[in-house]
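Single-structure report; data block below.
Numbering (the working numbering), first residue to last: 6 to 165.
Below, the structure written as structure tokens:
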């Protein structure tokens, strides 16, 4: 994939829409194209965050490791970015992201990613909006799961 193609891919992602072309080309230059076969992890829950990944092609599942086993909470596809939360918060990965089918992605290392966030406040705002949407989606899933659990308990005659 050429630098121009990688630049065009980055430009399609809302996070990067406000970045001036010369800076975005630099980010594309500093990115690495990587591939993941089905079942391979892009990131693993608990690992230290060192990069974000922009999915170019394929699908990946976001999996939470819970005491009762792994739970798939989302499926991501082309033009979606993963791993940015760990970089921004300087915290371990909060979920595993596993290739559902062959995934091609751009790996964006922590330092270039953070440099763009510092230099382009609109990028930071876009990231915050995306993260807020993810939290809202997670809250809705949690509400649904709790309602289902309550129904099961009532059906089984178990007090809450």
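Backbone N, C-alpha and C fix where the C-beta goes; we use that ideal spot for every residue, glycine too.
Which residues does DSSP list as the beta-bridge partners of residue 38?
Indexing the chain shown from 1 puts residue 38 at position 33. Beta-bridge pairing links residue 38 to 111.
For residue 23, which three-state DSSP category applies?
If you number the chain shown from 1, residue 23 lands on position 18. Residue state, collapsed to three classes: coil.
The alpha helix (DSSP H) that contains residue 144, what's its start and end?
The count along the chain shown starts at 1 and reaches residue 144 at position 139. Per DSSP, residue 144 belongs to the alpha helix (DSSP H) from 126 to 161.
Between the segment 47 to 66 and the segment 115 to 134, do at least 3 Cβ pairs fall closer than 8 Å?
yes
Write down every uninterrupted run of the beta strand (DSSP E) in the segment 27 to 98 whose length is 3 residues or greater and which is fully enclosed by it, in chain order.
37 to 41, 46 to 48, 56 to 62, 65 to 71, 74 to 81
Using only CA atoms, which one of 17, 46, 12, 142 lies nearest to residue 32?
As a working mapping, residue 32 is identified with position 27 in the chain shown. Among 17, 46, 12, 142, the Cα nearest to that of residue 32 belongs to 12.
By DSSP, does residue 102 sit in helix, in strand, or in coil?
Numbered from its first residue, the chain shown carries residue 102 at position 97. Strand at residue 102.
Below 8 Å between beta carbons: does that hold for residue 16 and residue 68?
Residue numbering aside, residue 16 sits at position 11 when the chain shown is read from its first letter. Residue numbering aside, residue 68 sits at position 63 when the chain shown is read from its first letter. For residue 16 and residue 68, no; Cβs fall outside 8 Å.
So, under 8 Å CB-CB, residue 122 and residue 132 are touching, yes? Tell me the CB distance rounded to an integer number of Å.
Counted from its first residue, the chain shown places residue 122 at position 117. Counted from its first residue, the chain shown places residue 132 at position 127. With 8 Å as the limit, residue 122 and residue 132 qualify as a contact, their Cβ atoms being about 7 Å apart.
Please report the distance separating the alpha-carbon of residue 5 from that of residue 87.
Lying outside 6 to 165, the shown extent of the chain, residue 5 is not represented and no answer is given.
Classify residue 110 as buried or exposed, calling it buried when 16 or more other Cβ atoms lie within 10 Å of its own Cβ.
Stepping through the chain shown from its first residue, residue 110 is reached at position 105. The residue is buried, with at least 16 neighbouring Cβ atoms inside 10 Å.
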